[in-house]
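One structure below.
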Amino acid sequence: MMVIAMPSLRSQSSPALEYQLKAVFLYNFTHFVDWPADAFDSQYSPFVIGIVGNDPFRSYLDEAVANERLGSHIIRVERYANVQDIKECHILFIRSNDPGEVAQI
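So the sequence shown is numbered by the numbering used here: it starts at 1 and just counts up by one.
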């Protein structure tokens with residue numbers, strides 16, 4: 001699993017624009033990593049981008065990955081309400097300012 005923390009784009013005038021850009025970044029990032037075969041349960045298992053906590057993307061991330069694949073793996077977005085809900089995922093987006101929560105994850 002890869003965990004990504006993204007700084008806020010303070011120079012942008014709109015939070016919506018910020019998270020549209022971050023959604024595209026997360027999608028594009030999937031293609032710049034050599035994911036080992038054992039990162040997946042099978043050849044056709046989905047590639048999962050997880051979001052824990054408050055989802056700042058709204059529908060932007062879902063739109064960015066709609067009908068997209070990483071090789072034979074469909075790309076799916078999963079949302080987790082809290083740390084205990086986190087399942088297997090390949091990229092995990094954490095939106096938290098609590099260092100204790102981030103350390104727990």
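We put the CB at the ideal spot given by N, CA and C, even for glycine.
6 Å Cβ shell around Ser72 - same chain, five flanking residues per side excluded: Gln43, Tyr44
Separation of His90 from Asp38, as counted between CA atoms: 11 Å
Distance, Thr30 Cα to Asp55 Cα: 19 Å
CA-to-CA distance, Ile75 to Gly53, given in whole angstroms: 20 Å
Sequence-distant residues of the same chain with beta carbon closer than 6 Å to Phe57, five excluded per side: Tyr19, Ala23
Unbroken stretches of the alpha helix (DSSP H), 4 residues or longer, contained in the region 39 to 72: 60 to 65
Whole-number beta carbon distance between Leu21 and Gly50, since they are thought to touch under 8 Å: That pair is no contact at about 19 Å.
Neighbourhood of Glu78 by C-beta, 8 Å cutoff - its chain only, sequence neighbours within 5 removed: Val48, Ile49, Gly50, Ile51, Lys87, Cys89
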